[in-house]
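Our numbering applies: residue 537 is where the sequence shown begins, and numbers increase by one. For glycine and all other residues, C-beta sits at the position ideal for the given N, C-alpha and C. Working notes, beginning with the structure itself.
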Amino acid sequence: MDLPDDVLRKLLGYLPTGSLLTTASAVCSRWRRIIHHPSKPLWRDSFAQTFGLSSVSGAPKALTQWCARATVGTFVVAHPLERGDTVASIAVRHSMSLGEVKRANGLLSEHALNLRTSYLVPVRDASKLAGANAHIHLDSASNREVAQMLSNDAFQGRGDEPTRRAPAPADPVRAANLSVVMAESLAKSIGQDVETARFYIQQAGGDIRRAHRAFMSDKEWDPAPETVSRTGNGGGGVVSAGIGVRQARLSYGPPIR
């Protein structure tokens, strides 16, 4: 006798999230329909049961691999950044090392913390997950997928997105200051001048991590050091910043023949 869908779903829910659940979905069309139900995907029940969560929203891009690698440290708690906070003060407050704070938040330097409104702290105690709500998403600041712990007020169960506060209106002065800090931070990280750093940030649409990756990619393609050459008084010349395919070139007068 065939089991009712709700009973079969309960039994399949005991399979660990990852390869076994994926394999089970290939047994037959009925199992696949139950496991990959559009509004109630079974992997969420399995994932929640594995870590003792109350509910899970969102989804990682590479579901099987991400769930297989998930540990207690995959879960993070977001804390608002307060005036005067530094990497060192955050590390002391949460009993973390400086390296742990930087890795958890994808910080390239101390100055990068000024670009945030909040910071992430990994969960260390598995008991903190009991009965909690989690939202899986790509954290744009650290550029990695995390399972963020949500308060009951934040978790509304509406689709895959938690309720979030609307961002504050942009402050032109603050935006300009942040732009300067970003350029100086990237310049120090890549060992180039501020103008070069600003160029890469503009090309990356304001994403400092993407700008850093683009520079490193260019550096591997063309590792030539910065060189400056000019000929004659007002003659032709080229200034090359040594930044690969995006070399900044300035011409003075007619080209040399």
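query, result
"Own chain residues within Cβ distance below 7 Å of Leu818, not counting five before or after", "Here the chain has residues from 537 to 793 only, and residue 818 is not among them."
"Backbone secondary structure at Gln738 - three-state DSSP", "helix"
"Endpoints, the beta strand (DSSP E) within which Leu644 is located", "Counting along the chain, Leu644 falls outside any beta strand (DSSP E), and DSSP gives it neither H nor E."
"Proximity below 9 Å, CB of Ser678 to CB of Gly635", "no"
"Test item: CB-CB of Val623 and Leu649 under 9 Å", "yes"
"Simplified DSSP assignment, three categories, for Met685", "strand"
"Residues near Ser654 in its chain [Cβ-Cβ closer than 7 Å; skip 5 each side]", "Ala614, His615, Pro616, Leu617"
"Same chain only: Cβ atoms within 8 Å of Leu714, ignoring 5 sequence neighbours per side", "Asn650, Leu651"
"Per-residue burial, Met752 [other beta carbons within 10 Å of its own, 16 or more giving buried]", "exposed"
"Beta-bridge partners of Asp675, as assigned by DSSP", "Arg680"
"Outcome for Val657 when other beta-carbon atoms lying within 10 angstroms are tallied against a minimum of 16", "buried"
"Assigned secondary structure, Arg749 (DSSP; H/G/I helix, E/B strand, else coil)", "helix"
"CA-to-CA distance, Tyr736 to Ser633, given in whole angstroms", "30 Å"
"CB-CB length for Leu551 against Ala560, believed under 8 Å", "6 Å"
"Under the three-state DSSP convention, the category Gly635 falls into", "helix"
"The alpha helix (DSSP H) enclosing Ala627, as first and last residue numbers", "623-629"
"Beta-carbon proximity check, Leu665 vs Val608, cutoff 9 Å", "yes"
"Beta-carbon gap between Met685 and Phe611 smaller than 9 Å", "yes"
"Residue of Glu681, Arg749, Asp754, Ser676 minimising C-alpha distance to Gln601", "Glu681"
"Residues bridged to Tyr655 [DSSP beta-bridge criterion]", "His615"
"Three-state secondary structure assigned by DSSP to Ala670", "strand"
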